[in-house]
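Have a look at the structure below, then the notes.
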Amino acid sequence: MAKRDAIFPTGRQALYERNRYSAAIRSGDFLFVSGQVGSREDGSPEPDFEKQVQLAFDNLAAVLKAAGCMFDDVVDVTTFHTDPSTQWNTIATVRLMRRDSFTPSRMRRRSLGSASKL
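Note that numbering that gives the first Met the number 0 has the sequence shown beginning at 0, numbered continuously upward.
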């Protein structure tokens, strides 16, 4: 079995240790990233939904950077939304943010899910 290394972004390791999980695990040539939410550095939620979305991508970028990766290395993105019917305009903004984060020529898998409680 390949060696597993826990990855922690700068400034957030205590948050992950307190909650007993890692931001990502590197196993061989693969990086498995835990779900990234729109939380502030102390782990508290950002109340503004659009800012939450930006923070989630910022947090993902920090995890990728800590692992020596970048958005172009991402193969699959799944997003979950608590109320897509009222969040659709922001979801569209998310898609624009994702498009700006990833090189257009690098295709990847993406999924959008709805969950009433996250």
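Glycine residues also receive a C-beta, built at the ideal position from the N, C-alpha and C atoms.
C-alpha distance - residue i paired with residue j, whole-angstrom precision
i, j, result
"Ser43", "Asp28", "32 Å"
"Ala22", "Asp41", "14 Å"
"Val73", "Ser100", "11 Å"
"Ser113", "Ser84", "10 Å"
"Tyr158", "Val93", "Outside the shown range of the chain, which is 0 to 117, sits residue 158, and nothing can be said about it."
"Asp82", "Ala91", "13 Å"
"Asn18", "Ser38", "14 Å"
Supposed close pair residue i, residue j - CB separation, criterion 8 Å
i, j, result
"Thr89", "Glu49", "5 Å"
"Val36", "Ala55", "6 Å"
"Arg6", "Ala65", "For the record, residue 6 in the displayed sequence is Ile; it is not Arg. Between Ala65 and Ile6 the Cβ distance is about 5 Å, and since that is below 8 Å, they are a contact."
Three-way DSSP call (helix, strand, coil) for residue i in this model
i, result
"Asp75", "strand"
"Arg11", "coil"
"Phe31", "strand"
"Pro46", "coil"
"Arg17", "helix"
"Asp4", "strand"
Best match in the options for proximity to residue i [C-alpha to C-alpha]
i, options, result
"Val32", "Met0, Ser113 and Asp4", "Asp4"
"Pro8", "Gln53, Ala1 and Asp57", "Asp57"
"His80", "Val62, Val52 and Lys64", "Val52"
"Asp47", "Phe70, Glu16 and Gln86", "Gln86"
"Lys2", "Glu45, Ser26, Ala91 and Gly67", "Ser26"
"Tyr15", "Gly34, Leu30 and Gly67", "Gly34"
Residue environment, residue i, which counts as buried when at least 16 other CB atoms sit within 10 Å
i, result
"Leu63", "buried"
"Leu59", "buried"
Residue i: CB within 6 Å of a non-hydrogen atom of the ligand FAD
i, result
"Leu59", "In the structure shown, the ligand FAD is absent, as is every other ligand, since no ligand is present at all."
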